[in-house]
Each structure stands twice: as structure tokens, then as C-alpha cells.
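Peer 1: Got a structure for you, questions after.
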Amino acid sequence: MSFTTAPGGLQFLDEVVGTGAVPTKGGSIKAHYAGTLDNGSEFDSSFKRGQPLAFQVGVGQVIKGWDVGILGGEGIPPMKVGGKRKLIIPASMGYGERGAGGVIPPNATLHFDVELVEA
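Written as C-alpha cells, this is what we have:
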């Protein structure tokens with residue numbers, strides 16, 4: 001299996017296609033995730049905390065790569081609850097030139113394993 005690249009540069013690979021609800025723009029969802037840099041170093045993981053991230057999808061509460069990668073768009077299908085998707089997010093859809101919190105360097109490509117828990 002290989003990644004599919006959307007026109008905006010976001011890459012995705014469905015490891016498990018969910019069978020549950022599809023998120024809607026502005027809707028509240030919960031997702032588990034692990035984020036790594038190109039070098040494989042993990043910068044964050046909700047799995048390790050045992051608490052999924054809750055947010056409104058599609059309204060800019062998270063990086064654009066997450067909104068598009070979960071909600072769908074640019075030729076990417078929306079995730080469904082129970083789904084597991086790998087995302088490779090270019091810096092332009094991540095934290096860009098500013099990076100984040102001293103953990104994510106400027107212009108970093110981000111790798112996420114995302115599991116949609118609730119939509």
C-alpha cells in the first residue's frame with residue numbers, strides 16, 4: 001500500500017477504513033494521534049496520555065493538514081469513526097516557517113497516525 005498525494009501536498013494512507021459516522025465541518029470530534037518528525041522522533045502522542053484530542057473539525061482549531069486529512073477535501077475522502085489513517089503533512093499545511101513550541105522546527109514535514117474515535 002502506498003500513500004496518495006492530494007494537490008495541496010498532503011499525503012494519506014488508510015490503514016483501516018472506519019465504518020462509523022463521518023465528521024461534519026464545525027462538528028465536535030475526538031481523535032487519537034501520534035506525531036513524528038521526518039527523523040522519526042515523536043513530538044506528541046495522545047495514545048501515551050490515554051486521552052484523545054477533542055476539537056471542532058474544519059474551523060481552524062488545528063493545523064490545516066489535520067482539518068483536511070480528517071474532514072476530507074482536495075480529493076481526500078473523509079475519515080469515518082473507527083478509521084486509522086497515516087498523514088504526511090507538508091509544512092505549508094502544518095506549522096510553516098514558525099515551527100511550534102521549540103519541539104517542531106521551522107518548515108518541518110509532520111507525520112501523524114490518526115484514529116478517529118468519535119464524530
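Each step along the sequence shown adds one to the number in full-length UniProt numbering, with nothing skipped, and position 50 is 50. Backbone N, C-alpha and C define an ideal beta-carbon position, used for all residues, glycine too.
In angstroms with no decimal places, state the Cα-to-Cα distance between G50 and M1.
Peer 2: In the sequence shown, counting from the first residue as 1, residue 50 sits at position 50. In the sequence shown, counting from the first residue as 1, residue 1 sits at position 1. When rounded, the distance between both Cα atoms is 29 Å.
Peer 1: Can you tell me which residues form a DSSP beta bridge with Y33?
Peer 2: For the purposes of this step, residue 33 is identified with residue 33 of the sequence shown, where counting begins at 1. Paired residue(s): V114.
Peer 1: By how many angstroms is the C-alpha of P90 removed from the C-alpha of G9?
Peer 2: For the purposes of this step, residue 9 is identified with residue 9 of the sequence shown, where counting begins at 1. For the purposes of this step, residue 90 is identified with residue 90 of the sequence shown, where counting begins at 1. When rounded, the distance between both Cα atoms is 6 Å.
Peer 1: What are the boundary residues of the beta strand (DSSP E) that includes R85?
Peer 2: For the purposes of this step, residue 85 is identified with residue 85 of the sequence shown, where counting begins at 1. Looking at the DSSP string, the run of the beta strand (DSSP E) that includes R85 is K84 to I89.
Peer 1: Distance check for L71 and G18, CA to CA, integer angstroms please.
Peer 2: Residue mapping note: residue 18 aligns to position 18 of the sequence shown, counting from 1. Residue mapping note: residue 71 aligns to position 71 of the sequence shown, counting from 1. Near 13 Å, if we compare the C-alpha coordinates of L71 and G18.
Peer 1: Using DSSP with H/G/I as helix, E/B as strand and the rest coil, what is I70?
Peer 2: Working through the sequence shown from its first residue, we reach residue 70 at position 70. The answer is helix: DSSP assigns I70 an H, G or I state.
Peer 1: Leaving out five residues on either side along the sequence, give the residues of the same chain with a beta carbon under 6 Å from the beta carbon of G82.
Peer 2: If you number the sequence shown from 1, residue 82 lands on position 82. Once the five neighbours on either side are set aside, the close Cβ partners of G82 are G18, T19 and G20.
Peer 1: Given D44, which residues of its chain have a CB within under 8 Å of its CB, disregarding the five upstream and five downstream residues?
Peer 2: In the sequence shown, residue 44 corresponds to position 44, counting from 1. Within the same chain, D44 has close Cβ partners Y33, A34, G35 and V103.
Peer 1: Going along the chain, which residues of its own chain have a beta-carbon closer than 6 Å to the beta-carbon of F112, five neighbours each way excluded?
Peer 2: Position 112 of the sequence shown holds residue 112. Contacts found: Y33, G35 and L87.
Peer 1: Give the straight-line distance between the Cα atoms of A119 and V22, rounded to the nearest whole angstrom.
Peer 2: Translated into the one-based positions of the sequence shown, residue 119 becomes position 119. Translated into the one-based positions of the sequence shown, residue 22 becomes position 22. Cα to Cα, the separation comes out at about 6 Å.
Peer 1: From the DSSP secondary-structure annotation, give me the bridge partner or partners of E15.
Peer 2: Position 15 of the sequence shown holds residue 15. Beta-bridge pairing links E15 to no other residue.
Peer 1: Helix or strand or just coil, what does DSSP make of F47?
Peer 2: Residue mapping note: residue 47 aligns to position 47 of the sequence shown, counting from 1. Helix, per DSSP.
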